[in-house]
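Read through the structure below, which is laid out as structure tokens, and then see the notes.
In full-length UniProt numbering, the protein residues as written are 1 to 249.
See the structure below:
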């Protein structure tokens, strides 16, 4: 136990130990309600969005720079290629972030896994080297670098495997429901009153509906949402007639 404590508070593992304590405190606050889920989602969204935006800008800059290089005079070609190389280097850095798992899973989850794996690998390597009496600073720096590289690979693999579980679903716009089928849940529907229920993307939605009178719409009647009034927030509906009902005399 003493060797373990000595390992996690000595270089290089102490760096990952501090980072792990910060991550653990962050998730503890989240579990206790000190950090709301909205804040977590917003933080992750900003980081992931920043990575995507930077990638887009870099790709655009690379394309633009390539165009300038093609049309430049011979004297300026060398300078433009040098700048283009720097931009491409930045794009490579963003590709590295994507390989680690950014964009596949929330940034907070990726960072947490990266820190945890790096800490575990560094602790294990430090304990192993202590048994062999190796204490050179260069070796410790190598442990830190190796732990980060291997942790990044593991994080990227897990984030990729769990990518489907972290897919963000775009909120359904009210106007996008036009053309969907719904079921009336009220006793009547007229120009001023009515509600209907429908299922969309696994969600059970209740919407306000209206229909010109006279009509035969009652509870459990199937209807089609034909238009949406964005100002009043309701749908105009019409009875849904299946092929069977149309064929029936």
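C-beta atoms are modelled at their ideal positions from N, C-alpha and C, and glycine is treated no differently.
From a predicted model like this one, the values you see are computed outputs, not experimental measurements.
Close beta carbons around residue i, own chain, < 7 Å, minus the five adjacent residues each side
| i | result |
| --- | --- |
| residue 252 | A query on residue 252 cannot be resolved here, the shown segment of the chain reaching from 1 to 249 and no further. |
Beta-carbon separation (whole angstroms), residue i vs residue j, contact threshold 8 Å
| i | j | result |
| --- | --- | --- |
| residue 177 | residue 207 | 7 Å |
| residue 226 | residue 111 | So it is not a contact: roughly 48 Å between Cβ atoms. |
| residue 209 | residue 196 | 5 Å |
| residue 121 | residue 151 | 6 Å |
Proximal residues to residue i (C-beta, below 6 Å), its chain only, five neighbours per side dropped
| i | result |
| --- | --- |
| residue 205 | 198 |
| residue 19 | 115 |
| residue 126 | 7, 13 |
Bridge partner(s) assigned by DSSP for residue i
| i | result |
| --- | --- |
| residue 229 | 234 |
| residue 200 | 203 |
| residue 126 | Answer is none; residue 126 lacks a bridge partner. |
| residue 209 | 235 |
| residue 184 | 196 |
| residue 6 | Answer is none; residue 6 lacks a bridge partner. |
| residue 224 | 181, 238 |
Cβ-based burial, residue i [other Cβ within 10 Å; buried from 16]
| i | result |
| --- | --- |
| residue 137 | exposed |
| residue 4 | exposed |
| residue 113 | buried |
| residue 7 | buried |
| residue 117 | buried |
| residue 16 | buried |
| residue 234 | buried |
Contact between the stretch 217-225 and the stretch 182-191 is defined here as three or more beta-carbon pairs at a separation below 8 Å; is this criterion met? yes
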